[in-house]
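First comes the structure, then the notes that go with it.
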Amino acid sequence: MKGDKPLITEYRNSRVIRIKNEHGDEVEVELLQFPSYYKVTATICQDSSPYKDCIGIGVDDDNESGALRKALRELYLDAYESSSSLLFSRRVLNKLFLS
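Below is the structure:
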């Protein structure tokens, strides 16, 4: 029908990176660029004990790094009950933007 919005929003760019953090956990980061915003999903999913299944999602209208910081902050609150990893956030940002 005319005027209906599509159910699927197409993204312009996407990439996934996996990094070991300072706790020894593998963090998978998915970065999506949509026409009007950036969305980042960061996860920790372990296959062995101690099991963790944690997620952080960040959205920013202006830039990818803002969305990444929000996602990592949320992930760290879920996984470790603190958002103390600004060092990790900077390290991830540097690795992402230099590659």
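Residue numbers 0 to 98, in numbering that gives the first Met the number 0, belong to the letters of the sequence shown in order. By construction, the Cβ of each residue, glycine as well, lies at the ideal position given by its N, Cα and C atoms.
(message) Quick check on the burial criterion: 16 or more other C-beta atoms within 10 angstroms. Buried or exposed for N20?
(response) Counting the other Cβ atoms within 10 Å of the Cβ of N20 gives 16 or more, which makes it buried.
(request) With DSSP as the reference, please indicate the residues paired to A41 in a beta bridge. (result) In the DSSP output, where bridge partners are listed per residue, A41 has V28, G55.
(request) Select from G23, I43, N12, D61 the residue whose C-alpha is nearest the C-alpha of R72. (result) Ranking the options by Cα distance to R72, first place goes to I43.
(message) Could you tell me the alpha carbon to alpha carbon distance between L30 and E63, rounded to whole angstroms?
(response) Cα to Cα, the separation comes out at about 8 Å.
(message) Would A78 and K51 be called neighbours here (beta carbons separated by less than 7 Å)?
(response) Yes, the Cβ-Cβ distance between A78 and K51 is below 7 Å.
(request) To the nearest angstrom, report how far apart R68 and I56 are at their CA atoms. (result) One Cα belongs to R68, the other to I56, and the distance between them is close to 9 Å.
(request) Could you check the C-alpha separation between I18 and P49 for me, to the nearest Å? (result) I18 and P49: Cα-Cα distance of roughly 19 Å.
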